Amino acid sequence: MNGAGLLANVIGGVLALLLLVYLFIALIKPEKF
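Using our numbering, you'd call the opening residue of the sequence shown number 1028 and step up by one each time.
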């Protein structure tokens, strides 16, 4: 795997994690959204 592919995987993983956290918070505290 080259550097660009690894970087893309890391960025994708971080974005997916942030999305999961956002949805989790939205479920727990819907009044904030």
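Note that beta-carbon positions come from the ideal geometry of N, C-alpha and C, so glycine has one too. Remember, it's a predicted structure, so these values are computed and weren't measured experimentally.
First and last residue of the uninterrupted alpha helix (DSSP H) at residue i
i: residue 1036; result: 1030-1055
Span separating the alpha-carbon of residue i from that of residue j
i: residue 1058; j: residue 1046; result: 18 Å
i: residue 1048; j: residue 1056; result: 12 Å
i: residue 1051; j: residue 1036; result: 22 Å
i: residue 1033; j: residue 1041; result: 12 Å
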